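Using the numbering used here, count along the sequence shown one by one with no gaps and you end on 1483.
Note that CB positions come from ideal geometry on N, CA and C, so glycine has one too.
For clarity, every value in this text was computed on a predicted model and none was experimentally measured.
Okay, so here's the structure we're looking at.
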Amino acid sequence: MNKNSLLSMKDLSAQEILSILDDAKCFNSSHDDWQLPMRKALVANLFFEPSTRTHYSFESAEFQLGCKVSDFNAETSSVKKGETLYDTVKTFESIGYDAVVIRHPEDNYFAQLEDVTIPIINAGDGRGNHPTQCLLDLLTIYDEFDSFEGLNIVICGDIQHSRVAMSNKQALETLGANLVFAGPKEWQRPGFPTMDFDEAVEWADVVMMLRIQKERGAALVSQMSDAEYLEKYGLNKERYSRMKENAIIMHPAPVNRGVEIDSDLVECEKSRIFKQMYNGVLVRKAVIKRAFGLKPFKED
Ligand code: NCD
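What follows is the structure, encoded as structure tokens:
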């Protein structure tokens, strides 16, 4: 495996996380036109699951950095003829690609890619990890509060099926935040500390809502109407009114308006949902730069 790959937040120390965030911030200030120094930087985006934000913000970041980008379509590829993920990725390596971005429905899919030598950036593996989503979440929190130490954060919703919850747990605990989880008890994960959501909305500096991952078997909700879910577990206007004055709302999106969050709150004053997407391009630029073995701006 290439050492500049990014597969899971648990592979990064607090210092490495902060270094990526600082580099992402530099892209926003004096380095917004910065491009990779290499003449040829071929990147393939291999998405085996639906995606809008992650896919196209990677693509935006790649274009801005001057990469040559190929979009892989599993439906029209040899995957349809039974080719394995390993053989597919090894093919991209053999035909001259310098890095790959992969989203795949299987947890830990990258375990089978040990012998790939080009850097792999994980854009989401099943219920396992979503490191670049986590980094953009961290950047959004960092922009707001300048630190993670002692910050109160609640993540609410379908924790069991969420790779966002998993990656954020690994990173936020490393960074010293006070993190709790809320939502239906059927969807909690062993080892994840819980708090009643009604209590947590008053305690939290960050309220992060998650989408119900029906495609991963979150069946419980099929018996519950959207309005009922919002009332019991969602961020509705009543809970919003009890949030701390400087607290913020986050959501990795796609948002199911009127289910996990009241539609009117998606763009309310406390919401950072679209800011998260903006930050997604910045952190992906930093992660791609790192994948190409380049030092952060501050170390140069
Ligand atoms: C998340 C994902 O794909 O895990 N979305 C994203 O990357 N922005 C969360 C989700 O799909 O609910």
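Less than 8 Å separating the beta-carbons of residue i and residue j?
i, j, result
"L1362", "I1336", "yes"
"N1228", "V1284", "yes"
"F1210", "A1469", "yes"
"Y1416", "L1448", "no"
"D1388", "K1427", "yes"
"M1221", "F1457", "no"
"A1224", "D1281", "yes"
"T1237", "G1307", "yes"
"L1418", "V1442", "no"
"L1322", "L1465", "yes"
"S1202", "P1479", "yes"
"L1334", "A1365", "no"
"V1384", "R1425", "yes"
"A1401", "H1344", "yes"
"M1392", "I1444", "yes"
Residue i by DSSP, collapsed to three states: which one?
i, result
"D1254", "strand"
"S1187", "Sequence inspection shows Asn at residue 1187; the Ser mentioned does not correspond to that position. Correct three-state label for N1187: coil."
"A1306", "strand"
"V1283", "strand"
"A1227", "strand"
"T1267", "coil"
"T1259", "helix"
"T1377", "strand"
"D1215", "coil"
"T1235", "coil"
"V1470", "helix"
"M1192", "helix"
"T1300", "coil"
"L1201", "helix"
"L1477", "coil"
"L1465", "helix"
"D1206", "helix"
"Q1371", "coil"
Restricting to Cα atoms, I'd like to know which of the options is closest to residue i.
i, options, result
"E1398", "K1352, G1309 and M1407", "G1309"
"I1431", "F1328, F1475 and L1465", "F1328"
"K1368", "M1378, G1359 and A1360", "M1378"
"A1197", "A1224, A1354 and V1466", "A1354"
"L1358", "K1193, K1208 and N1187", "K1193"
"R1346", "R1372, E1199, G1366 and L1322", "R1372"
"F1275", "K1478, V1226 and D1445", "V1226"
"E1242", "A1257, G1463 and F1480", "G1463"
"P1437", "M1460, K1273 and L1465", "M1460"
"L1296", "R1425, C1451 and N1185", "N1185"
"H1214", "H1287, L1248 and Q1406", "L1248"
"T1267", "S1253, C1250, H1287 and K1251", "H1287"
"V1272", "W1386, T1315, E1482 and I1301", "I1301"
"E1258", "L1393, D1326, E1232 and I1444", "E1232"
"S1240", "P1435, M1392 and D1445", "P1435"
"A1244", "N1256, S1188 and D1216", "D1216"
"C1317", "I1338, E1450 and D1409", "I1338"
"S1277", "V1299, Y1292, A1410 and N1256", "V1299"
"Y1292", "E1356, F1331 and Y1269", "Y1269"
"D1326", "A1348, W1370, K1208 and N1305", "K1208"
"Q1218", "E1199, F1246 and I1200", "F1246"
Assuming residue i and residue j are in contact, meaning their beta carbons sit under 8 Å apart, how far apart are those beta carbons, in whole angstroms?
i, j, result
"F1375", "I1342", "6 Å"
"L1190", "N1312", "7 Å"
"D1205", "K1472", "Not a contact, Cβ separation roughly 12 Å."
"M1433", "R1467", "In fact, because the Cβ distance is near 17 Å, the residues do not count as touching under 8 Å."
"G1340", "I1303", "With a Cβ gap of about 28 Å, G1340 and I1303 do not count as contacting."
Would residue i count as contacting chain B if we go by Cβ distances under 8 Å?
i, result
"K1468", "The question asks about chain B, but that chain is absent: this structure has only one protein chain."
- request: Let me know the beta strand (DSSP E) ranges lying completely inside the stretch 1385-1462, each 3 residues or longer, listed in chain order.
  value: 1389-1392 and 1431-1433
message: Quick check on the DSSP output: what are the complete beta strand (DSSP E) runs of length 3 or more inside the stretch 1308-1364, in order along the chain?
response: 1335-1339
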